[in-house]
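Keeping their order, the protein sequence lines are chains A and B.
For the first sequence, our numbering gives the first residue as 1, with consecutive numbering after it.
For the second sequence, our numbering gives the first residue as 1001, with consecutive numbering after it.
Structure first, then comments.
Protein chains: 2
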Amino acid sequence: MTDVREAAAATPAAAQSNPPATSVLAVDVGGTKLAAAPVHPDGRVGALVTRPTPAGDAEAVWAALVSVVTEAIGDGEVSGAGIGSAGPLDAVAGTVSPVNIAAWRGFPLRDRLAALLGGRPVVLVNDAVAGAVGEYHYGAGRGVRAMLGMVVSTGVGGGLILDGRVYAGKTGNAGHIGHTVVDIAGDPCPCGARGCVETITSGPAMVRWALRNGWHGAAPTGEALAASARDGDPVALAAFERSARALGAGIASAAALCDLDRVVIGGGVARAWDLLEPPLTTSLGTYAGLAFVRRVEIVRSELDGQAGLLGVAALVHDPEMA
Amino acid sequence: MTDVREAAAATPAAAQSNPPATSVLAVDVGGTKLAAAPVHPDGRVGALVTRPTPAGDAEAVWAALVSVVTEAIGDGEVSGAGIGSAGPLDAVAGTVSPVNIAAWRGFPLRDRLAALLGGRPVVLVNDAVAGAVGEYHYGAGRGVRAMLGMVVSTGVGGGLILDGRVYAGKTGNAGHIGHTVVDIAGDPCPCGARGCVETITSGPAMVRWALRNGWHGAAPTGEALAASARDGDPVALAAFERSARALGAGIASAAALCDLDRVVIGGGVARAWDLLEPPLTTSLGTYAGLAFVRRVEIVRSELDGQAGLLGVAALVHDPEMA
């Protein structure tokens, strides 16, 4: 396999062997919206087309995606496409079963899109993996060899770069830090396990815990919880501390297993970085013991919403990284 | 990098390009004993030489290792050496700082052994990584692409094979499942963190817990605890259940992060497989939720004490796997 940065450094040779450099189509499939944009090899993102993920059957969702994709391509041309999809997915079969798109269970997304694009190559990865690749290539993950890119939002997801390559695993689901267990006596998780990081750290988990403990915010949302915390509300502050504690324990576990250089955190909860970072640093101090675990750096996403699109585009431009 | 099994399958070509196939020296450095043996490329292990790890200063330990190595080589010849050492270690510097060999802190083991062998290549890995490679190549890990090889004994260690290659990480310490956090409110761990798998699952942790809960065994050892459990002692049985619960949670976390096919467990606690396996299966049912996590197989080591020696030998025979 080829290191993506070595490949980038070898631009003249690469350009000779692969002219002309055309854009690729980057596609983001989520439970709330579908999005697509052409992405130039240099990382410039063209006009982004989005629409809400429709209710309805599998073909209704597919038809919406076709319209997004068609509009994003417009009169241009793309050499291939990359899809970052909400998981879980099956990387071998090329199918997706996003938790929040009930109509798609084992939907053959990769092959349907490839057929739509006249047989051009299509790469399918978990959306958190896509985000990790974007940060590694263009954002807060530049310069490291082993990183975990995380999204802390409605759920808690992650994607791994190890030895400078995507490590997605056989099924394409590696990096699921949200479903590592940090509280052996913890609450049940929708995944079927219990005590998962996601049951404590996710935005909805924070809000639920705060409400149970007497918080009265303007609305039952993460934004309102962050506003309360900034106003000094002790329950809201404790909700961030509790979330960060579980997150830090999960990150320490991931660093112990994967000898990570850096963890890059994006997503809605990370937007309240001023509230998240201090207790997260404290938590890492508690749960990271061995020197090689303590060396892990935790930084905020630089690309946030664009990380996934840039990441899947990078994977199409450089399939050897995948 | 080359897949070790592809390389093995290509024996005729390999033999042509690299004659004659000579043995390598496999070295095992632990807190209680030092061991070495020549290992033939086909996996045959020659006469094993062992001696207790001496007390004394760094040079006294080194002198003991020199005598073990010299006797193991005897009148033969070796093309290089592989060392599996108790950790932690620094794979970049080639130094080791085994927790239980106090005299060696940053000891330049790789370069000292290379000099002793007249500049022949020396590979240095964590002993748990060595064991994982041995099982992958010759034992219970054959046929998979992503596995965690574990040792559950005085400590709880591990080594990762991902995509058919060793993943040791930049510092050489990846795979430390014993220091993943499964109990966020758990006891302090000697590593400096708290709630680590090792604080619950290791043999000494099991014995301590049993003694605190009223167990009166023939001796404060894991063997006596296993004997009591087989006699139906409820506290001894509960100690195995508690150990297996934390182990299952840690394995579920590792599978969620690394999309593992199989976990191979060796070490003293695993010798009581009849007592460990049933509650471990139950625990995995509790803590593995997502389908790709539930697919992980947990099996017992086939090579046990020889896994490390065979593993480091395999790494010398096929450096591309490391």
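Ideal placement from N, C-alpha and C gives every residue a C-beta, glycine not left out.
Put Val69/A into one of helix, strand or coil per three-state DSSP.
Here residue 69/A refers to the residue found at position 69 of the first sequence. Helix, per DSSP.
Below 8 Å on C-beta distance, what does Ala246/A contact in chain B?
Translated into positions along the first sequence, residue 246/A becomes position 246. Chain B residues near Ala246/A: Ile1184.
Beta-carbon proximity list for Gly1203/B, same chain, < 7 Å, skipping 5 on both sides:
Your numbering for residue 1203/B matches position 203 in the second sequence. Ser1153, Thr1154, Gly1222, Gly1268, Val1269, listed in sequence order.
Ordered along the chain, which non-local residues of its own chain (more than five positions away) have a Cβ less than 8 Å from that of Gly1078/B?
The sequence position of residue 1078/B within the second sequence is 78, counting from 1. The sequence shown places Val at residue 1078/B, not Gly. Cβ within range, chain order: Thr1022, Ser1023, Val1024, Leu1025, Pro1038, Leu1117, Arg1120.
What is the DSSP secondary structure of Leu1257/B, reduced to helix, strand or coil?
Numbered from its first residue, the second sequence carries residue 1257/B at position 257. Three-state DSSP puts Leu1257/B in a helix.
When you compare the CB of Ile1177/B with every CB in chain A, is at least one pair closer than 8 Å?
Mapped onto the second sequence, residue 1177/B falls at position 177. Yes - at least one Cβ of chain A is within 8 Å of the one on Ile1177/B.
Starting from Lys1033/B, find everything on chain A with Cβ-Cβ shorter than 8 Å and list it in chain order.
As a working note, residue 1033/B is residue 33 in the second sequence. From the beta-carbon of Lys1033/B, no residue of chain A is found nearer than 8 Å; the closest lies around 23 Å away.
How big is the Cα-Cα spacing for His1137/B and Val197/A?
One-based indexing of the second sequence puts residue 1137/B at position 137. One-based indexing of the first sequence puts residue 197/A at position 197. Those two C-alpha atoms are separated by around 34 Å.
Let's test the definition: count the other Cβ atoms within 10 Å of the Cβ of Ser1085/B and tell me whether it reaches 16, buried, or not, exposed.
As a working mapping, residue 1085/B is identified with position 85 in the second sequence. Buried: at least 16 other Cβ atoms inside 10 Å.
Would Pro319/A count as contacting chain B if we go by Cβ distances under 8 Å?
Counting from one through the first sequence, the residue named residue 319/A turns up at place 319. No, its Cβ sits nowhere closer than 8 Å to a Cβ of chain B.
Classification of Glu1006/B by the beta-carbon crowding that lies within 10 angstroms, buried from 16 upward:
Numbered from 1 along the second sequence, position 6 holds the residue referred to as residue 1006/B. Its pLDDT being 36, under 50, Glu1006/B is placed unreliably in this model, and the coordinates cannot settle the point.
Residues sharing a beta bridge with Ala81/A, DSSP
Here the question's residue 81/A lines up with position 81 in the first sequence. BP columns for Ala81/A point to Leu25/A, Val122/A.
Distance check for Leu162/A and Thr1201/B, CA to CA, integer angstroms please.
By 1-based counting over the second sequence, the position of residue 1201/B is 201. By 1-based counting over the first sequence, the position of residue 162/A is 162. For Thr1201/B and Leu162/A, the distance between alpha carbons rounds to 28 Å.
Cβ of Thr1002/B within 8 Å of any chain A Cβ:
Within the second sequence, residue 1002/B is the residue found at index 2, counting from 1. Summary for Thr1002/B: the model assigns pLDDT 35, below 50, so the residue's position carries little reliability, and this model does not support an answer.
State the start and end residues of the unbroken beta strand (DSSP E) segment that holds Pro1038/B.
Your numbering for residue 1038/B matches position 38 in the second sequence. It spans 1033 to 1039 - the beta strand (DSSP E) in which Pro1038/B sits, taken as one unbroken run.
Are the stretch 243 to 263 of chain A and the stretch 1176 to 1187 of chain B touching by the rule of at least three beta carbon pairs closer than 8 Å?
Taking 8 Å as the limit for Cβ pairs, the verdict is that the stretch 1176 to 1187 of chain B does touch the stretch 243 to 263 of chain A.
7 Å Cβ cut-off: residues of chain A touching Phe1292/B
Position 292 of the second sequence, counted from the first residue, corresponds to residue 1292/B. Neighbours of Phe1292/B on chain A, chain order: Pro88, Thr171, Asn173.
Determine which residues of the stretch 1108 to 1119 of chain B have a Cβ less than 7 Å from any Cβ of chain A, and write them out in chain order.
Correct list: empty, as no residue qualifies.
Which residue from Gly1143/B, Gly1164/B, Leu1310/B puts its Cα closest to that of Glu1320/B?
Reading the second sequence from its first residue, position 320 is the one you call residue 1320/B. Residue Gly1164/B is the option with its Cα nearest to Glu1320/B.
Asp1183/B (DSSP reduced to helix, strand or coil)
Along the second sequence, one-based indexing puts residue 1183/B at 183. Reduced to three states, the DSSP call for Asp1183/B is strand.
Can you list, in chain order, the residues of the stretch 1119 to 1137 of chain B whose Cβ is nearer than 9 Å to any Cβ on chain A?
none
Going by C-alpha to C-alpha distance, which of Val1066/B, Asp1233/B, Ile1177/B sits closest to Ala1035/B?
What you label residue 1035/B is simply residue 35 of the second sequence in a count that begins at 1. That would be Val1066/B, whose Cα lies nearest to the Cα of Ala1035/B.
Is there a Cβ of chain A sitting closer than 8 Å to that of Ala1256/B, yes or no?
On the second sequence, position 256 is the one that residue 1256/B refers to. Closer than 8 Å to some Cβ of chain A, the Cβ of Ala1256/B qualifies, so yes.
Going by beta-carbon coordinates alone, are Gly1131/B and Gly1311/B separated by less than 8 Å?
In the second sequence, residue 1131/B corresponds to position 131, counting from 1. In the second sequence, residue 1311/B corresponds to position 311, counting from 1. Yes, they are a contact pair.
Give a yes or no on whether 8 Å exceeds the smallest Cβ distance from Arg145/A to chain C.
Here the protein chains are A and B, and chain C is not one of them.
Take the Cβ of Val92/A as the centre, count every other Cβ of all protein chains shown within 10 Å, and call the residue buried at 16 or more, exposed below.
As a working mapping, residue 92/A is identified with position 92 in the first sequence. It counts as exposed.
Reducing DSSP to helix, strand and coil, say where Gly87/A ends up.
Along the first sequence, read from residue 1 onward, the residue named residue 87/A stands at position 87. Coil at Gly87/A, not helix or strand.
Assign Asp1274/B to buried or exposed, taking buried as 16 or more other Cβ atoms, counted over all protein chains shown, within 10 Å of its Cβ.
As a first step, residue 1274/B must be located in the second sequence, where it is residue number 274. Classification of Asp1274/B: exposed, given that the 10 Å Cβ count is below 16.
Below-8 Å beta-carbon distance, Gly1192/B vs any chain A residue
Counted from its first residue, the second sequence places residue 1192/B at position 192. At least one chain A Cβ lies under 8 Å of Gly1192/B.
On the criterion of 16 or more Cβ atoms from any shown chain inside 10 Å, does Ala1115/B qualify as buried, or is it exposed?
By 1-based counting over the second sequence, the position of residue 1115/B is 115. By the 10 Å Cβ count, Ala1115/B comes out exposed.
Should the stretch 1273 to 1293 of chain B be called in touch with the stretch 1051 to 1058 of chain B, which here means at least 3 C-beta pairs below 8 Å?
Put simply, the stretch 1273 to 1293 of chain B does not touch the stretch 1051 to 1058 of chain B. Fewer than three CB pairs are less than 8 Å apart.
Using the C-alpha atoms, what's the distance from Leu1280/B back to Thr1180/B?
The residue labelled residue 1180/B in the question sits at position 180 within the second sequence. The residue labelled residue 1280/B in the question sits at position 280 within the second sequence. Distance between the alpha carbons of Thr1180/B and Leu1280/B: 17 Å.
Within chain B, partners of Asp261/A - CB distance below 8 Å:
The residue labelled residue 261/A in the question sits at position 261 within the first sequence. Per Cβ cutoff of 8 Å: Lys1170.
List the residues that DSSP assigns as beta-bridge partners of Met150/A.
Here residue 150/A is taken as the residue at index 150 of the first sequence, counted from 1. Its beta-bridge partners are Gly158/A, Ile265/A.
Residues of chain B with a CB under 7 Å from the CB of Ala252/A: which are they?
In the first sequence, residue 252/A corresponds to position 252, counting from 1. The answer, in chain order, is Val1181, Ala1193.
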